[in-house]
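Here's the structure, in structure tokens; my notes come after.
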Amino acid sequence: MKQSLSRGRFVAGTAGAVALTFGGGRYVIAAPTKEIVIGLNVPQSGPYAEQGTDQLRAYHLAIDEINAKGGIMGMKIKASEGDDQTTAGVATANAQRMIERDGALMITGGSSTGTAVAVSGLCQQKGVIFMATLTHGDETTNQNCHKHTFRRYNDAYMSAQSLAKTLVSKYGTGKWFHITADYAWGHSVYDNITAVVEPKGAKTIKNVLTPFPGTKDFSPMLQQAQAAKPDVLVITEFGADMVTCLNQAAQFGLTKSTKILVPLVDEYMAKGTKDNFDNVVSTAPFYWKYHAAKYPGAKKFVDAFQAKYGFPPSNGAETAYADIYIYKMAVEKAGSTDAAKVIGVLEGTKFQFTKEQEWYRKEDHQGVNSCLVVEGIPESQRGPGGFEYAKVLEVHDGPSVVAPLAGLVCKMETA
Amino acid sequence: MEALFQAMIGGLVLGLIYVAIAVGLTIIFGTLRLVNFAHGAFYAIGAYVGLVIAQHIGVGWAFIAAPIAVALFAVLLDRLVLRSFYDKEPTAQLLVTFGIALVVEESLRLIFGATTQQYTMPAALQGSVTLGPITYPAYRLLFAGGVIVMLALVWLFIERTNYGLIVRAGIRDRTMVQLLGGNIRQASTIVFALGAAIAGLVGAAATPIYSIDPGTGFAFLVPSFVVVVVGGLGSFWGAVLGGLLIGELQSLTNLAYAPASNVVIYLCMALILLLRPQGLLGESEVIRQ
Amino acid sequence: MTVSSEPAPAASARSGLLAGDARFAVLCALGIAAFPFLIHPIGGYSTLATQIAIVSIASIGFNLLLGYAGSLSYGHAMFYGGGGYLAAILLLRVSPQHPNLWLCVLGATAGTAILAMIVGAVTVRLYGIYFALLTLAFAQMVYFIVEQAKDWTNGDDGLQALPNALLPIGPWTVDLTTHLPSFNLGPFGDVGELRLWYIFAGICLVLVLLFARMLTRSQFGEVLGAIRENEQRSTLIGFNAPAYRLAAFAISGALTGFSGALRAMFDGSVSVDALSIDRSGSFVIYTIVGGVQTLFGPVAGTAVIMFLENVLSARTPAWRLIEGLVFVGVIVFLPRGLSTVLKQQRDKNPRGLFVRSLRPSNEEPDALLRPGGEGRKSGPISIIETFKLGKLFGHFAANHDIDFKVDPGELRAVIGPNGAGKTTFFNLLSGTSAPSSGTINYKGRDVSRLSGTSRVHLGIAKAFQTASLYPDQTVRQNCRLAALARVQGRFALQVFRRSIRLDDVDNLAERAMARLELLDVADVRAGDLSHGDKKRLDIAIALATQPQILLLDEPIAGMSKDEARKTEALIRKLATEMTVLVIEHDMEMVMGISDSITVLHQGTVLATGTPAEIQANPRVQEAYLGGHSEAELAH
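Residue numbers (our numbering), protein chains in the order written: chain A, 11 to 425; chain B, -5 to 283; chain C, 6 to 640.
If you want it as structure tokens, here you go:
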């Protein structure tokens, strides 16, 4: 009996101390607040941790800016954060906590389609708006679309279309080899790319799937690619996985012998792959260097971000920043934080913040905005910090590459 | 055919990592009767120490600093925590070392961040080697060769030195060794540090190939336990055979049907446990009086 | 689990037991009812409270296996996630328009129980780390299957946005997502934040706690604890240890599956991380931190850790580190509780710690008695007869060509120089080892392939060379366990009540203790006994199984001269009612009390005869002493 008492005291004491230190009274679900709580649900661990962290920086920048000017309709924004660990279960648990305990009115974040889909479903149930940031797979606004979910970022269809339009004249009839992350996003990208290039004559030699998450060693797949001697190697991996894969591909000599396509890229991935990213073709919805030169809204954002953090933002950060401002706009226009009203505004309004004028489609809540095709430049040309990672090959405007309504399977709820 | 050949070499490289970790596990168990679920932590610490040293001082120094650092950590762990667990039930050992592994992983996460990191080898070692029909990254081959050399040295240590003799005798009958005056305490500490150092060195050396993040240690640990079970707890050659077998199995399955590459090793372990629980080269059950 | 040291309660105290159970249930219910309000001021909220209640059920199930059966499973996520997926699939596929919570949850639990029995049948043969790794392996295989069966499980994305399942109770249909009526409790929150789900989960938790309490105090629980404490002994007093461990595994898995199903229904979603290694590990952490020895420990551990995870994870990235440190701290600083509970069979053979198939590998486990095997038909007189019995270890023939016969009521001594194979022979007779060749007939029936457990129930009992006892139980409890085995048989799934036919069990135990003159130490802890008393207790345990033949392996070894003589006399008295085989080195005793003597040498029978005949036998002298004088042999 003595042992259990000691253990009981030990554990209870620790638990109590820790809880009081960290919990305190801060999370009492009080009565009506003068705050709007926004849940920031991003990966801070796992392969997409860098992307998640940069989004968090952008969120904080936007929130601080808005609060400094009086908040949204006089209410300050309060952030509730969580690490979704790139896992659906954890992401939904976080979102639930943010909604239930902290009273979040809007959830945003995410760097993987799997988590986005999960959180989207939960938010629909709870009647809370979900502005999915860095999710690229089609599903988020197609098979798994929901009334409360809005996704501004390009989807896989748009990237594939953009890539294909720019490249197919040169490589259309070549041999293509795919290495694809084995989950919803990877399949989405693969399907989209092959649907565009195969009719033009491209030959798909093989599609090798890499277990996701957790593949550390891509050499078995890369060896197959090397043996197949393709004209184009498509590496459908993201975040740290893409970095590992491309670096390992360089060890196999593939970066020199083959044209490599990475369907979606951001600044951190380019930095991580250093010179191996030279000549690699990819897409991005935003590139700070390009957009800051062209749009004052973007310049303002990039300068503020650089001033606060010392380096330019990644494209994930941009969409995070924009999402906060878009939400603010929608609430102000609706005159209320009531989800139904905000949804109504989002569905019907065109806006412009950091890019050209853009909007969400009513049918699937997919953002219609431009998609850039970029090509990596040597490390020596990349400027301080290596953030200036590419040259822009072509810009495709949103309406020209967005998925046609006819093919959508999205059946959105009415409320 | 080329793909098969490449997969087999890949399996060799992967398998050698498993062998290195498993050998440490198995000789630690053999002398200390310790089931060490924290062994992956040794790999991870070695990898991060190697990473830091390689990035700031030089790759060569990384290979020296990593095993030393890990060996020191191991001895510290031994003195502070594990000593009292040597005579406890294996389940208790499993639990405490599991807890230690968790603490180490989380500490590494806090110190180094959650992102995947890697350092590049010096330019001389980058590039490929042509082996008949295929080209293969030079560093991986060098790595494989290095691990083999290291294992040979370990084998020599066990077979040819006095400490090694105590180790081998201790695997058979620990009490007898103590009664005969063998300084099993000292030999045990040396062996523990050695097993840890091997894992640490491999961790540092493998990082250019596999990258490192806080979870990598555990990711390599579980297959290494599978290797030890398959090869036979306490058997050096069992660890070698098991490691190569499991590495090849994983690599070839990756070629055939990638999603199964993780589960196939568990299937293998389950079969061994059910059909030949002492492992391929483990000793059959000793007479029970 | 410590069996209470009071004497077993009489029937009239049964109502006292029920009252105790009721009291327990009420206390639990009160605690559970207060919980969500207590955690509110420090950051808790109703969803978290409900999740804690649900997951606690899984931890209780896990603890049944770890704390009471002594087995560490590292794969329990397969039941938790499995239950979740089964419930979700039932919900989506079977009348999704009228989702019925009973169907989904109970169906999932049944499915998980079946999975547990299948996996258990395969895994309970193993122990220690091998058991843990094999459960891990199975969990990974289940993970893989679920991931690949995308049509059913949606693969990595999991099943999301499940429809709300309703609970039909009598004439009503209850929607558990309904909030309770609002009632403000100030800093403790508002009753209205809770949904009916919490009440439902709370009721389930109370019932599970009650079940666990009854189970651990039941006959089944008592035997389970005995097996955990000393499996070797438990087997050789007649308990079917693998069956018990399998039953414990199945119950444990079913409870965990039940919890997983509830969670999926409550969350409205299930994903593959419910099947992950981390999930399995979390049960280990909850249970260890909370306390493996206790009933409420797992609940407390779950509550504390889950709460901290939720509160801390938003505040600091170091929360998992803190969790790990607490975990290690609990294990390191509170080792006694842990080791008592986790104690596995102490065995000289280190490998035996990990792997043991108690059944010899070529055994047919529940073989019915067969008519006499090959060889001479035994006459009706011999109680034990062996034909060309042999045992090989590798190339070493510990026993070979043993033809041995003993009549009922004989007191036969088995002697021989060291290494002659005497203990091996006894192991063959008792069923601890399987013969490599030859047969053993017991009362005319071939028992060669029968397990030791079955042989005990036929009447063959053994006392060990090194006393094999339940060191933390009293002498009386030791004997009662043996008597219980006799009365209940090899396996009894008595999970709700204490020992049946207590009087029979008590009487057998009393008689055994009396015959070995242990009554004055009846309530002493077996581990605290003197060496001589321990040896006598070992015999008493064997005696309590009501054997017809008693095998005693060096019963007076290590005893003082007085004790030895006393024990000798007791054995002689025993021999008047049953057959006794004794391995001994003490020649005074051997010559003094034996009816006849068998001499083993180099693995086979050298000579059999009366004491006088053996003493005079020159080959015996040669074997023992290399030709020393008769006078020396007489010692």
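Glycine included, C-beta positions come from ideal geometry on N, C-alpha and C.
Exercise for review: Please determine, among 470/C, 226/C, 585/C, the residue with the shortest C-alpha to C-alpha distance to residue 237/C.
Suggested key: Comparing Cα-Cα distances from residue 237/C to each of 470/C, 226/C, 585/C, the minimum goes to 470/C.
Point to revise | Residue environment, residue 33/B, which counts as buried when at least 16 other CB atoms sit within 10 Å | key: The residue in question, residue 33/B, is buried, as its Cβ has 16 or more Cβ neighbours within 10 Å.
Review point. What residues from chain C crowd round residue 127/A, counting only those whose CB sits closer than 8 Å?
Key: 162, 165, listed in chain order.
Practice item. Check whether the Cβ atoms of residue 294/A and residue 313/A sit closer than 9 Å, and answer yes or no. Key: Not closer than 9 Å, so no.
Practice item. Could you name the residues of the same chain whose beta carbon sits closer than 6 Å to that of residue 205/B, not counting the 5 residues immediately before and after it, in chain order? Key: Taken in chain order, the residues that qualify are 110, 112.
Review point. In chain order, what residues of the same chain lie with their CB nearer than 7 Å to the CB of residue 255/C, ignoring the 5 residues before and after it?
Key: Around residue 255/C: 118, 121, 122, 125.
Exercise for review: Could you name the residues of the same chain whose beta carbon sits closer than 6 Å to that of residue 536/C, not counting the 5 residues immediately before and after it, in chain order?
Suggested key: Within the same chain, residue 536/C has close Cβ partners 563.
Check your understanding: Using 8 Å as the threshold, is the stretch 262 to 275 of chain C in touch with the stretch 83 to 102 of chain C, meaning 3 or more CB pairs across them?
Key -> The stretch 262 to 275 of chain C vs the stretch 83 to 102 of chain C: in contact.
Practice item. Write down the C-beta distance between residue 479/C and residue 531/C rounded to the nearest angstrom, noting that I regard them as a contact closer than 8 Å. Key: Contact between residue 479/C and residue 531/C holds, with the beta-carbon distance rounding to 7 Å and staying under 8 Å.
Check your understanding: So, using beta-carbon positions, are residue 475/C and residue 235/C closer together than 9 Å?
Key -> Result yes, Cβ atoms of residue 475/C and residue 235/C sit closer than 9 Å.
Practice item. Could you give the DSSP three-state label for residue 420/A: helix, strand or coil? Key: Secondary structure of residue 420/A (DSSP, three-state): coil.
Review point. Since residue 254/B is in the alpha helix (DSSP H), which residue starts that stretch and which ends it?
Key: For residue 254/B, no alpha helix (DSSP H) encloses it, and the DSSP letter there is neither H nor E.
Exercise for review: In the DSSP assignment, find the alpha helix (DSSP H) that holds residue 291/C and state where it starts and stops.
Suggested key: That run of the alpha helix (DSSP H) goes 282 to 295.
Check your understanding: Since residue 406/A sits in a beta bridge, which residues does DSSP pair it with?
Key -> 381/A, per the DSSP bridge assignment.
**Study point:** Identity of the residue in 184/C, 609/C, 441/C nearest residue 199/C by Cα
**Key:** Ranking 184/C, 609/C, 441/C by CA distance to the CA of residue 199/C puts 184/C first.
Exercise for review: Quick one: measure Cβ to Cβ for residue 148/B and residue 257/B, integer angstroms, because I've assumed they're closer than 8 Å.
Suggested key: Cβ atoms of residue 148/B and residue 257/B stay farther apart than 8 Å, at about 31 Å.
Review point. With C-beta atoms as the reference, is residue 527/C less than 9 Å away from residue 549/C?
Key: With a cutoff of 9 Å on beta-carbon distance, residue 527/C and residue 549/C are scored as not near each other.
Review point. In the DSSP assignment, what residue or residues form a beta bridge with residue 56/C?
Key: Note: residue 56/C sits in no beta bridge, so no partner.
Exercise for review: Work out the CA separation of residue 327/C and residue 104/B for me, nearest whole Å.
Suggested key: CA-CA distance, residue 104/B to residue 327/C, rounds to 12 Å.
Review point. Do the CB positions of residue 595/C and residue 557/C come within less than 9 Å of each other?
Key: No, they are not a contact pair.
**Study point:** Validate contact between the stretch 37 to 56 of chain C and the stretch 311 to 320 of chain C using beta carbons, cut 8 Å, 3 pairs
**Key:** As far as the Cβ criterion goes, the stretch 37 to 56 of chain C touches the stretch 311 to 320 of chain C, which means the pair count is three or higher.
**Study point:** Candidates 590/C, 481/C, 604/C, 308/C, of which the one nearest residue 210/C by Cα
**Key:** Residue 308/C is the option with its Cα nearest to residue 210/C.
Exercise for review: Would you tell me roughly how many angstroms separate the C-alpha atoms of residue 260/A and residue 166/A, rounded to the nearest one?
Suggested key: If I take the Cα positions, the gap works out to 25 Å.
Review point. Helix or strand or just coil, what does DSSP make of residue 549/C?
Key: In the three-state scheme derived from DSSP, where H, G and I count as helix and E and B as strand, residue 549/C is classed as coil.
Review point. Should residue 225/B be labelled buried (16 or more other beta-carbon atoms within 10 Å of its own) or exposed?
Key: Classification for residue 225/B: buried.
**Study point:** Between the CA atoms of residue 9/B and residue 391/A - distance to the nearest angstrom
**Key:** Between residue 391/A and residue 9/B, the C-alpha separation is close to 40 Å.
**Study point:** Distance between residue 274/B and residue 23/B (C-alpha atoms, nearest Å)
**Key:** Straight-line spacing of the CA atoms in residue 23/B and residue 274/B works out to 17 Å.
Exercise for review: Check whether the stretch 339 to 354 of chain A touches the stretch 172 to 182 of chain A, counting contact only when three or more Cβ pairs, one atom from each stretch, lie closer than 8 Å.
Suggested key: The stretch 339 to 354 of chain A is not in contact with the stretch 172 to 182 of chain A.
**Study point:** Host beta strand (DSSP E) of residue 443/C (start-end)
**Key:** Taken as a continuous stretch (DSSP letters only), the beta strand (DSSP E) holding residue 443/C covers 442 to 447.
Point to revise | Neighbour list for residue 106/A in chain E, Cβ cutoff strictly below 7 Å | key: Looking at the structure shown, chain E is missing, and the protein chains on hand are A, B and C.
Review point. So, are the CB atoms of residue 194/B and residue 95/B less than 9 Å apart?
Key: No, Cβ-Cβ distance for residue 194/B and residue 95/B is not below 9 Å.
Exercise for review: Please classify residue 251/B: is it buried, with 16 or more other beta-carbons within 10 angstroms of its beta-carbon, or exposed?
Suggested key: Residue 251/B is exposed by the Cβ-count criterion.
Review point. Looking at the C-beta of residue 392/A, does it have a partner C-beta in chain C at a distance below 9 Å?
Key: Output row for residue 392/A: interface = no.
Exercise for review: For residue 221/A, name the three-state secondary structure that DSSP assigns.
Suggested key: Looking at residue 221/A - three-state DSSP - the assignment turns out to be strand.
Check your understanding: DSSP puts residue 129/B in a beta bridge; with which residues?
Key -> When DSSP reads this structure, residue 129/B sits in a beta bridge with 124/B.
Practice item. Step through the CB atoms of chain C and report whether any lies within less than 9 Å of the CB of residue 419/A. Key: No, residue 419/A lies away from the interface with chain C (no Cβ there is under 9 Å from its Cβ).
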